[in-house]
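Visitor:
2 protein chains.
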Amino acid sequence: MLSVDEALKIVLAHATPLPPVRVALGDALGCVLAEEVASDVDSPPHDKAMVDGYAVVAADLASGRATLRLLEVITAGEVPRLIVEPGTTTRIMTGAPIPAGADAVVMVERSSIAPDGRIALDEARTVAGQNIFRRGRSLVRGQVVLRPGARLRSIEVGALAEVGRGEVQVVRRPSVAVLATGNELVAPSAMPDPGQIRNSNGPMLVAAVREAGATPVDLGIARDDVDDLARLIEAGLAHDVLLLSGGVSAGVLDLVPAVLKSLAVDEVFHKVNLKPGKPLWFGHKVAGTLPTLVFGLPGNPVGSLVCFELFVRPVIAKLSGRCDIAALRVSATLTKPVAQRGDRPTYFPAAYCETNAYRRVEPLPWQGSADLATLVQANSLLVLPPGDKTYAEGEPVEVHLLGN
Amino acid sequence: MLSVDEALKIVLAHATPLPPVRVALGDALGCVLAEEVASDVDSPPHDKAMVDGYAVVAADLASGRATLRLLEVITAGEVPRLIVEPGTTTRIMTGAPIPAGADAVVMVERSSIAPDGRIALDEARTVAGQNIFRRGRSLVRGQVVLRPGARLRSIEVGALAEVGRGEVQVVRRPSVAVLATGNELVAPSAMPDPGQIRNSNGPMLVAAVREAGATPVDLGIARDDVDDLARLIEAGLAHDVLLLSGGVSAGVLDLVPAVLKSLAVDEVFHKVNLKPGKPLWFGHKVAGTLPTLVFGLPGNPVGSLVCFELFVRPVIAKLSGRCDIAALRVSATLTKPVAQRGDRPTYFPAAYCETNAYRRVEPLPWQGSADLATLVQANSLLVLPPGDKTYAEGEPVEVHLLGN
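Just so you know, the sequences run in chain order A and B.
Okay, so the first sequence: first residue is 5 according to the numbering used here, each after it adds one.
Okay, so the second sequence: first residue is 5 according to the numbering used here, each after it adds one.
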C-alpha cells in the first residue's frame, strides 16, 4: 500500500498551476499573480509637499522669519500656475505638487496672517528640500513592483491600484465540486429515519474548499444508483477537482469506481497506508482541455477531513500557483501519554499550543473516525508512526497544523 | 496626544459584539457562534458496522471458522429486517445498523462463498463487540457540541450539519463601508493628470476588510465638496463601520470633520502619537438602532494600512464576537541596524522570519509613508519606541505581525 508521502507525491505530480486569467482588481485578493507588474508612473508623479503649508524659497527664511506675499492657494487635484519667487509663497496641502521656484515647504502651524494680509512665517530650520518628497522616490516608471508568483494580500491590491491595474492577470482560482454519495444520507435540516445519517461531509468539504482559497461547487447528494451517480459525477468533471465523499470502500453498493471508469476517469491509486483515511481513491480525467482530478474521500467525517488536509489542500495550493504547498509540520512534546496500535501511521485530533519557548501538544479523547465532536476541539493532528507503542508525557512527536 | 495603547482602548470601548442573526449553514464559515448547540440525535444513531462484512453471532466463530446461511443483504440507507440467529448471517456494509441478534462483524475480506452457496467465514479473532461502533459513542442526544463564541471552521460546519443545523445563530458579520476622499484621486484604471494620483487606498482597504472577515462595501471616491461628501458619508453611516481615507489633516479642503459633525457623528479623538498614522480621526454616530464607528484614516497608503492594522482590524474582530482581538506581537532580533529618529513610536515595514529556534526581523528600506512598493515585501511592522537611537544588529525588538 502507498505511504502518505508516496501518495502525496503522485497526487501533486498530476497537478499543475491553472492557466492565467484576467480578473478585476476587486476579485484578485488571495490569488497568485501571473504576470510581472511594472509601474506606469513615477510615484510620486511630481515633487510633492509632505505637510500642509507654504511653498517658499528657502533662502527667504535664512533669518528664521519672513513675511511673504501669497500668490495662490492650491487644493487637492489642482496644479500650481505661478512661479514662487523670492518674497512670495503659495499655500499648498499635503501631497500637492511643489510650485516652480519653491524649494521648501513651511508647515501651516508655523504661519500667521500679518496685519497687511501677507503671510508671516516663523521657522528657523528651513533648508532647501525641507518637507519635499521628490518625484519618483517611492517608485520610478518602469520599476518592477510585483513578480509572478506573488500572493495578493490587501497591500498588493493597493500597490496594483497605484500602478494602474484595474485588472490583473492571476492564476485561475480552482473550481472544486463536492458530491456526497449514499442512499443513507439526508440533508442537515432533515431528521434521519432509522438507517439514515445526515450529510455532514458535504457541508464540511464545501467549507474546507473555501478555506483553502478555491471556489466550491456543492453538487449535493447522489443516490447509490448508476444513473444518478453518472449524471452528478459528469457535472463534477466540468471542474478542476471533484471531491466524492463515500462510495469507495468495498460495500455492496459502492458503485462509484465503476461509474468513474465509464466516464473515462482513470484510477491512479486506491488506498493509502494511514489511519483514518485508508480507503482514499485518486484518479484523473484527461479528456477535454484541462484535466479533472478526482478524489474519492472516505465516508466517515474524520477520515474525510484527514484526507482533505493531507492531499486535497496541497493540490488546491499547487493548482492556485502558490509556493506554500507543504503543510505546516512542527515538533512538539506530548502533554499526556498516547497509545498507538497497529501497522498504519495514525493521525490523532490534537490541541497544539505554542508559547514563546515551548511547543506542546495534547492528544484529544478520540472515539474513532466518525467523531466530529472531538475534532471541534482540535487545531492539529498528532502524527504517530506505525507500530505498537505507548508514547509517554514529554516525548517529542510530530504535529500537523490544521488549515495551514 | 493619545498613545497607541490609549487610542486602541478607547476604540475598543466603543465596540460591542453585533447582535446574533440566523444564517444558512453554508454562509456561517468564519462567523462566531451565538448559541449553544446540542445534538438532537445519538451519533451513531444505532450500533453500526465499522467494516464491510457479515454480521454474526460471535459464538459461531469460536473455532475461528463457520459456514453460515445468508439472511439478507443490507445496503446503505436500508435497515435489517431479520434477526441473526446462530448459524445465520447478514451482509452489511460500513456504517450499516447491526441486525438484532448479531454481536460481531467479520470483514468481507475474511469471507468466501461455499459450494452450497452459504457464506464461509475464517476469522480467528472474532469476539462479541468486534467491529461494532456503539450507538451514541461519538455523541449522545442532548450533549453540547459547540458553545457560544466558537469560531466556525470547516470542522464546526461539519459538526453542525451532523446535529441537524441547516441554519445557525451567529454574531452578525460586520458591514464596513470604505470611502476615499479627495479631488486629486482618480480610479486605478485611469492615467492621472498632473496633480492627480490614483486611488490606491480604497481598493486596499476594501481588500483588508475582506481579509479581516467583514463584508466590505466600496463607496468609491468622494470629491472635496460638502454635498458629495455628505451624500456618500450618509450612505456609509448605514453600516457598522465607515472607513474614510484622506480628508482629516489640516489642508484647506479637508472638509470631512465638518461634514461628519453635520451628520451627528461625534468626534472621540483626533491624532495619535505614532508614525506613520498620526492624523487618525475616530468618532461614532449613536443615533439609530446601532452605532456606526467612523475612522478617518490618513490619506497616505502606509499610514492608512498601519492604522487599519492597529485599530480597525481589532474593532472588526470585537464586533464579530471573536476572542482573538489582540494583534500578534512577538519579540525578535534585528538582522540589520535601524535608526529611529523623533518623538513618535515608529512602525517600519519589515520581513519577519521564524525558524524552529529563532525569531529574526529585517527592517526594509523604507522611503516614507507613501511607499507601497516596500510594503509588498513586508509581512510585519517593526515597532520602535520614541527617542533618537540607532538599534544594532542582534538587538531584540518588538514585531507586529501583519494580518493576524
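Glycine included, each C-beta is placed from N, C-alpha and C at the ideal position.
Could you pull the DSSP bridge partners for methionine 54 of chain A from this structure?
Guide: Its beta-bridge partners do not exist; DSSP assigns none.
Visitor: Considering only C-alpha positions, which residue in the set A:Leu74, A:Pro49, A:Leu301 is nearest to valine 61 of chain A?
Guide: Residue A:Leu74 is the option with its Cα nearest to valine 61 of chain A.
Visitor: So, is the C-beta of arginine 122 of chain A closer than 8 Å to a C-beta in chain B?
Guide: By this cut-off, arginine 122 of chain A is not an interface position.
Visitor: Since glutamate 358 of chain A is in the alpha helix (DSSP H), which residue starts that stretch and which ends it?
Guide: Note, glutamate 358 of chain A: premise wrong, no alpha helix (DSSP H); beta strand (DSSP E) at 350-358.
Visitor: Got a sec, what are the start and stop residues for the alpha helix (DSSP H) leucine 246 of chain B sits in?
Guide: From DSSP, leucine 246 of chain B is part of no alpha helix (DSSP H) but of the beta strand (DSSP E) over 245-249.
Visitor: Please report the residue range of the alpha helix (DSSP H) in which methionine 195 of chain B lies.
Guide: Careful: methionine 195 of chain B lies outside any alpha helix (DSSP H) and carries neither H nor E.
Visitor: Pick out whichever of B:Leu406, B:Glu358, B:Gln371, B:Asp347 has its Cα sitting closest to the Cα of aspartate 392 of chain B.
Guide: When each option's Cα is compared against that of aspartate 392 of chain B, the closest is B:Asp347.
Visitor: Indicate the three-state DSSP secondary structure (helix, strand or coil) for alanine 108 of chain A in the structure shown.
Guide: The answer is strand: DSSP assigns alanine 108 of chain A an E or B state.
Visitor: Mind reading off the beta-carbon distance from proline 367 of chain A to valine 334 of chain A? Whole number of angstroms is fine, and I expect it under 8 Å.
Guide: That belief does not hold up - the Cβ atoms of proline 367 of chain A and valine 334 of chain A are roughly 15 Å apart, past 8 Å.
Visitor: Determine the burial state of alanine 70 of chain A: buried for a count of at least 16 other Cβ atoms within 10 Å of its Cβ, exposed for fewer.
Guide: The residue in question, alanine 70 of chain A, is buried, as its Cβ has 16 or more Cβ neighbours within 10 Å.
Visitor: For glutamate 271 of chain A, which three-state DSSP category applies?
Guide: Three-state result, glutamate 271 of chain A: strand.
Visitor: Against asparagine 205 of chain A, what residues of chain B qualify as contacts under a CB-to-CB distance less than 9 Å, listed in chain order?
Guide: The answer, in chain order, is Gly162, Ala165.
Visitor: Answer yes or no: does any C-beta atom of chain A fall closer than 8 Å to that of valine 149 of chain B?
Guide: Chain A, which has a Cβ nearer than 8 Å to the Cβ of valine 149 of chain B, makes this yes.
Visitor: Quick check: the Cα distance between arginine 235 of chain A and histidine 404 of chain B, rounded to an integer number of angstroms?
Guide: Computed Cα separation, rounded: 51 Å.
Visitor: For the alpha helix (DSSP H) that contains valine 380 of chain B, what are its first and last residues?
Guide: Element bounds for valine 380 of chain B: n/a, residue is neither H nor E.
Visitor: Keeping to the same chain, check which residues put their C-beta closer than 7 Å to that of arginine 364 of chain A; ignore five residues upstream and five downstream.
Guide: Counting only Cβ-Cβ distances below 7 Å, and skipping sequence neighbours, we find Ala336, Thr337, Thr339, Cys357.
Visitor: Since threonine 344 of chain B meets chain A, which of its residues come closer than 8 Å, beta carbon to beta carbon?
Guide: Position check: residue 344 of chain B holds glutamine in this sequence, whereas threonine was assumed. Here the premise fails: no neighbours, minimum Cβ distance about 19 Å.
Visitor: Please report the straight-line C-alpha distance between alanine 53 of chain B and glutamate 40 of chain B, rounded to a whole angstrom.
Guide: Going by the C-alpha atoms only, they are around 31 Å apart.
Visitor: Name the chain A residues that come within less than 9 Å of leucine 411 of chain B, Cβ to Cβ?
Guide: The question about residue 411 of chain B has no answer, for chain B in this structure spans 5 to 408.
Visitor: Would you kindly report the start and end of the unbroken alpha helix (DSSP H) that includes glycine 307 of chain B?
Guide: Per DSSP, glycine 307 of chain B belongs to the alpha helix (DSSP H) from 305-311.
Visitor: Less than 8 Å between CB atoms is the rule here; does alanine 377 of chain B satisfy it with respect to chain A?
Guide: Closer than 8 Å: yes.
Visitor: Which residues of chain A have a Cβ atom closer than 9 Å to the Cβ of glycine 451 of chain B, listed in chain order?
Guide: Because residue 451 of chain B is not part of the residues shown, which for chain B are 5 to 408, the question remains open.
Visitor: By the 10 Å Cβ neighbour count, where 16 or more other Cβ atoms means buried, how is aspartate 328 of chain A classified, buried or exposed?
Guide: Under this definition aspartate 328 of chain A is an exposed residue.
Visitor: Taking DSSP as the reference, what is the three-state secondary structure of arginine 73 of chain B?
Guide: The answer is strand: DSSP assigns arginine 73 of chain B an E or B state.
Visitor: Would you mind telling me which residues of chain B sit closer than 9 Å to methionine 195 of chain A, beta carbon to beta carbon, in chain order?
Guide: In chain order: Asp44, Val45, Gly168.
Visitor: State the start and end residues of the unbroken beta strand (DSSP E) segment that holds glycine 300 of chain A.
Guide: Where glycine 300 of chain A is concerned, the enclosing beta strand (DSSP E) stretches over 296-301.
Visitor: How far does the alpha helix (DSSP H) with isoleucine 237 of chain B in it extend, from its first residue to its last?
Guide: Residues 230-240.
Visitor: Assign lysine 289 of chain B to one of two classes, buried (16 or more other C-beta atoms within 10 Å of its C-beta) or exposed (fewer than that).
Guide: Burial call: buried.
Visitor: Quick one: Cα of leucine 385 of chain B to Cα of valine 27 of chain A, how far?
Guide: For leucine 385 of chain B and valine 27 of chain A, the distance between alpha carbons rounds to 30 Å.
Visitor: Consider the Cβ of arginine 202 of chain A: report whether some Cβ of chain B lies at a distance smaller than 8 Å.
Guide: For arginine 202 of chain A, the answer is yes, since a Cβ of chain B falls inside 8 Å of its Cβ.
Visitor: Express the C-alpha separation of methionine 111 of chain B and glutamate 127 of chain B in angstroms, rounding to a whole number.
Guide: Approximately 8 Å between the Cα atoms of the pair.
Visitor: Three-state secondary structure (DSSP) at glycine 162 of chain B?
Guide: Helix, per DSSP.
Visitor: Identify the continuous beta strand (DSSP E) that holds valine 175 of chain A and give its terminal residues.
Guide: That run of the beta strand (DSSP E) goes 171-175.
Visitor: Taking the alpha-carbon positions, what's the alanine 377 of chain B to glycine 133 of chain A distance?
Guide: Distance between the alpha carbons of alanine 377 of chain B and glycine 133 of chain A is about 23 Å.
Visitor: How long is the line joining the alpha carbons of tryptophan 285 of chain A and leucine 246 of chain A, rounded to whole angstroms?
Guide: Whole-angstrom Cα-Cα distance: 12 Å.
Visitor: Look at the alpha carbon of arginine 176 of chain B and the alpha carbon of glycine 153 of chain B, and state the distance between them as a whole number of angstroms.
Guide: Each residue's alpha carbon lies about 12 Å from the other.
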